[in-house]
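When you number the sequence shown by the numbering used here, it's gap-free, plus one each residue, and the end is 317.
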Amino acid sequence: MATPIEQLGRDALAAKGFFGAYKWLILRRIVQAAIIALFIIGPVGGVWVLKGNLAGSWLFETVPMVEPFVFLQMLAAGMFGFLTTTLLGVAVVVAFYALIGGRAYCAWVCPVNVITDAAAWVRRRLGIAQSAKISPQTRFWMLGAALVLAALSGQLAYELVNPVSIVHRGLIYGMGAAGWLVVAGIFLFDVVVTKHGWCSHVCPMGAMYSLIGAPALVKVRTPNREQCDDCMECFEVCPEPKILPPALRQGMRQGLPAVVSSSLCTRCGRCVDICSKDVFAFGFLTTGKAKPGEAGENAPGKKDGELKKAS
Ligand code: SF4
Ligand code: SF4
């Protein structure tokens with residue numbers, strides 16, 4: 007039975023304790039803060055672990071890293087005068103995210119994620135259930151539009167308004183009025199207009215990373231999905247809830263593998279944290295087989311949807 011929204015996460019807390027119920031969230035916040043700190047301690051303290059910014063940087067002044075979305079815009083804009091190290095930098099980043107899941111960038115690196123997670127939390131607290139209809143495919147159209155814009159302008163035009171770049175620069179060099187406007191705009195968009203509005207519907211970088219991450223080896227698996235009690239808490243916290251049913255009871259009945267196979271999964275781990283039955287776990291690519299007896303099981307399933315307010 008669906009958990010009333012006021013009780014979201016309580017079963018996990020009771021079953022696993024605070025760290026068990028927030029482990030991946032805490033680790034993500036540590037990694038996100040550490041990445042920003044590593045960019046800052048170079049100019050401030052002369053310790054160059056990461057030099058540059060998210061668009062292009064050096065790791066230990068040796069390994070180049072170039073943002074693939076920026077590189078695609080460069081190609082579209084006809085900026086072919088790049089160095090071999092740029093190609094190497096793109097290859098390093100693409101290989102890394104192709105291995106661990108492209109949208110891990112969203113949950114573990116992108117500074118905008120903190121804003122959108124905060125908006126989702128506020129939305130839940132305020133009990134806002136309505137959402138404007140925006141197709142999740144919009145982000146892929148945005149990706150195409152950014153490239154067309156680059157081709158027409160001969161510039162990295164989208165980068166002038168890219169919230170990821172703006173917020174990242176703001177965190178390193180100080181947030182000006184434009185930065186705060188972007189932060190407020192995304193926050194309000196996610197709270198008022200659409201649930202998980204920016205990241206799961208609009209952001210072209212998220213779209214790009216989902217394409218890169220299609221072959222990823224690191225997956226969220228559902229080894230204990232027969233334990234699922236349909237509380238729906240994972241649907242509530244997952245930024246891409248439509249990807250869950252094939253990994254849960256619906257997939258079990260159809261004999262689908264016990265894994266979240268969609269490349270839209272951000273590897274945020276919120277489903278792992280919030281499930282008191284330990285249905286989810288991080289793992290490597292599964293063999294792709296349902297457990298014996300799972301396929302065709304006549305178990306009750308639930309459709310994707312929001313948790314109900316307690317009456
Ligand atoms: S979808 Fe875009 S803004 Fe959201 S976390 Fe991913 S890259 Fe950042
Ligand atoms: S399936 Fe789990 S790890 Fe993937 S996006 Fe949803 S909550 Fe995050």
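C-beta atoms are modelled at their ideal positions from N, C-alpha and C, and glycine is treated no differently.
All figures in this text were calculated on a predicted structure; none of them were measured in a lab.
(request) Determine the DSSP secondary structure at Lys-57, reduced to helix, strand or coil. (result) On the sequence shown, residue 57 is found 51 positions in, with the first residue counted as 1. Three-state result, Lys-57: strand.
(request) Report yes or no: do the region 128-142 and the region 198-216 share at least 3 C-beta pairs separated by less than 8 angstroms? (result) yes
(message) Measuring straight from C-alpha to C-alpha, what distance separates Phe-24 and Leu-254?
(response) Taking the sequence shown and counting its residues from 1, the one referred to as residue 24 is at position 18. Taking the sequence shown and counting its residues from 1, the one referred to as residue 254 is at position 248. Spanning the two alpha carbons is a distance of roughly 25 angstroms.
(request) With a threshold of 7 angstroms, establish whether the CB of Thr-122 neighbours any heavy atom of ligand 2. (result) Position 116 of the sequence shown, counting from 1, holds the residue named residue 122. No - ligand 2 has no heavy atom lying nearer than 7 angstroms to the Cβ of Thr-122.
(request) State the DSSP-derived secondary structure class of Phe-102, mapped to helix, strand or coil. (result) Taking the first residue of the sequence shown as 1, we reach residue 102 at position 96. Note: Phe-102 maps to helix in three-state DSSP.
(request) Over the uninterrupted alpha helix (DSSP H) stretch that includes Trp-64, give me the two end residues. (result) Walking along the sequence shown from the start, residue 64 turns up at place 58. Note, Trp-64: premise wrong, no alpha helix (DSSP H); beta strand (DSSP E) at 62-65.
(request) Please find out if some non-hydrogen atom of ligand 1 comes closer than 7 angstroms to the beta-carbon of Val-170. (result) Within the sequence shown, the letter at position 164 stands for residue 170. Because some heavy atom of ligand 1 lies under 7 angstroms away, the Cβ of Val-170 counts as near it: yes.
(request) Within its chain, find whatever has a CB closer than 6 angstroms to the CB of Ala-296; leave out the 5 residues flanking it on each side and keep chain order. (result) As a working note, residue 296 is residue 290 in the sequence shown. Low local confidence applies: a pLDDT of 47 at Ala-296 is under 50, so the model's placement there is unreliable, with the coordinate-based value given in what follows. Cβ within range, chain order: Gly-261.
(request) Write down every uninterrupted run of the alpha helix (DSSP H) in the region 162-230 whose length is 4 residues or greater and which is fully enclosed by it, in chain order. (result) 169-179, 183-194 and 210-218
(message) Please tell me whether, using a cut-off of 7 angstroms, the distance from the CB of Gly-275 to the nearest non-hydrogen atom of ligand 2 is below it.
(response) Position 269 of the sequence shown, counted from the start, is the residue given in the question as residue 275. Yes, Cβ of Gly-275 sits closer than 7 angstroms to a heavy atom of ligand 2.
(message) Residues in the same chain with beta-carbon distance under 7 angstroms from Gly-294, minus the five sequence neighbours each way, listed in chain order, please.
(response) Taking the sequence shown and counting its residues from 1, one reaches residue 294 at position 288. Since pLDDT at Gly-294 reaches only 46, below the 50 mark, its modelled position is unreliable, and no value is offered.
(message) Which of the three DSSP states is assigned to Phe-75 in this structure?
(response) Translated into the one-based positions of the sequence shown, residue 75 becomes position 69. It is helical.
(message) Can you check which of these residues, Leu-81, Leu-89 and Lys-29, is closest to Pro-70 by C-alpha distance?
(response) Along the sequence shown, one-based indexing puts residue 70 at 64. Ranking Leu-81, Leu-89 and Lys-29 by Cα distance to Pro-70 puts Leu-89 first.
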